[in-house]
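End of the sequence shown sits at 1252 in this note's numbering; the numbers just go up one at a time, nothing left out.
We treat Cβ as the ideally placed atom computed from N, Cα and C, and that holds for glycine.
These numbers come from a predicted model, not from an experiment.
Working notes for the structure below.
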Amino acid sequence: MPKISIVVMFHDPKNQEYLDLCLRSLNYQDVDKEVILVDSSIDGHKSEAYPWLKTVKVDNSTNSAVAGNIGFRNASSASKYFLFANDDTIFTVGSVAELMGAMGENRCIMNAFSNCDTEWLHWREMSLYNEGKSLVLPRFFDMNLVRGFEQQLIEYPLEKRTVIPVPYVCFYATIMPQSVWWDVGQLDENFESGPDDRDFCMRAAKLGIPSMINLGPTIWHFGGTTVNSGESEHVKQRRLKNAKYFYEKHGVHQ
């Protein structure tokens, strides 16, 4: 039985190249795992077949909270840990095992350090090397910048484990015990897209379950280059709706 169930979210066909690298990086994770790809894209993913990959196809109008919940409802009840991942997330070798080891028997929500994580953590220089050429990565980077460095992304070394508390984490490579997921009550499906992850962490905190960041493993998150950042009227209205609902629920602005 798998010890960890990893749910990967795939929404936009333009992220296919990122998804391919995400799955490739998961193939290097030497842990007892199952990987569930929740595919809400229009045409479906076209990634290389991996024997450990289970695909769950949902309607392309499915919001991220609903899709995430569907993914974990399809996960093995025998898994000790759940891990939520975006399709633009690259896992360095040993990073999942390090997160599992740091989690141990603790009941918390944990992310790895990322180039796109909480901004005040941007003290570490992130650089890659390829044939004597170095590449120092900015906060947000895209596939054109790192093409040719894909293996170096995956093989980026682990650092000394340092785990620090934070108010909340963004769900792009987020691990927790399976029991925490069900005790907190899954993602709130009233959020069409964000801040369902912050809401989850705030609900967890009320149960005494903290959010943590582990500075040992680096997990790359392409983040801003893969989201649909178009400020259409629909997007604006959805953000306003989410913000209003978050305030009504928690009494604070998101």
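Where residue i sits in the DSSP three-state scheme
i	result
Leu1156	coil
Gly1214	strand
Ala1076	coil
Leu1151	helix
Burial state of residue i (16 or more Cβ within 10 Å)
i	result
Ile1152	buried
Gln1027	buried
Thr1160	exposed
Leu1081	buried
Ile1004	buried
Glu1117	Unreliable placement is indicated for Glu1117, whose pLDDT of 49 sits below 50; the coordinate value is still reported in the next sentence. With fewer than 16 other Cβ atoms within 10 Å, it is exposed.
Glu1032	buried
For residue i, the first and last residue of its enclosing beta strand (DSSP E)
i	result
Glu1231	That residue, Glu1231, is in no beta strand (DSSP E); its alpha helix (DSSP H) goes 1231-1248.
Ala1083	1079-1084
Ala1110	1107-1111
Asp1037	1031-1037
Asn1128	1125-1128
Val1144	That residue, Val1144, is in no beta strand (DSSP E); its alpha helix (DSSP H) goes 1141-1144.
6 angstroms CB neighbourhood of residue i in its chain, flanking five on each side removed
i	result
Asp1194	Ala1063, Leu1185, Asp1186
Cut-off 8 angstroms between Cβ atoms - residues of its own chain near residue i, not counting five sequence neighbours on either side
i	result
Val1054	Ile1034, Leu1035, Val1036, Asp1037, Ile1068, Gly1069, Asn1072
Arg1236	Glu1190, Ser1191
Top-ranked residue by Cα proximity to residue i, from the options
i	options	result
Leu1156	Phe1220, Asn1212, Asn1013	Asn1212
Pro1000	Asp1041, Tyr1079, Asp1010, Ala1047	Tyr1079
Leu1051	Glu1103, Cys1020, Lys1131, Glu1129	Cys1020
Ala1076	Phe1169, Cys1168, Gln1150, Pro1175	Pro1175
Residues of its chain near residue i, where Cβ-Cβ distance is below 7 angstroms and the 5 sequence neighbours each way are ignored
i	result
Arg1196	Tyr1166, Gln1252
Ala1110	Ser1093, Leu1097, Ala1171, Asn1212, Pro1215, Thr1216, Ile1217
Phe1198	Val1182, Leu1185
Residue span of the alpha helix (DSSP H) that contains residue i, given as start and end
i	result
Glu1015	1014-1025
Asp1197	1194-1204
Ile1068	1062-1071
Ala1100	1093-1101
Cβ of residue i within 8 angstroms of any chain D Cβ
i	result
Ala1076	You won't find chain D in this structure, because it holds only one protein chain.
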